[in-house]
Amino acid sequence: MYFGGTQPTFNVECPQAEYTGICLEFGTLPLPDMMFALRGEHWLHRHPQTDRTSARSMAAPGLASRAMP
Numbered sequence: 002m003y004f005g006g007t008q009p010t011f012n013v014e015c016p017q018a019e020y021t022g023i024c025l026e027f028g029t030l031p032l033p034d035m036m037f038a039l040r041g042e043h044w045l046h047r048h049p050q051t052d053r054t055s056a057r058s059m060a061a062p063g064l065a066s067r068a069m070p
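Heads up: the sequence shown begins at 2 in my numbering, then just goes up one per residue.
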């Protein structure tokens, strides 16, 4: 059963095992910029009927251009 994170899953599926989890985060851009970009990308994902011109104008400053400078 999957609970949304990996640690509970390991504990349920392999109760006899010792689990040591790590998380690596890499970020070079301010959090507000990334949140704005992610919000726009998500909106476009949830509104696939958006015309291409509008989508391009919204995505231009979007995730790829902000996440990979």
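Cβ atoms here follow ideal geometry from the backbone N, Cα and C, with glycine treated the same way. Bear in mind the structure is a predicted one, so any value in this text is a computation, not a measurement.
Between residue 37 and residue 22, the CB-CB gap reaches or exceeds 9 Å.
Residue 17 has its alpha-carbon roughly 43 Å from the corresponding atom of residue 41. Looking at the backbone, the Cα of residue 39 and that of residue 56 are separated by about 14 Å. Taking 9 Å as the cut-off, the Cβ atoms of residue 45 and residue 51 count as close. DSSP places residue 8 in the helix class (H, G or I) of the three-state scheme.
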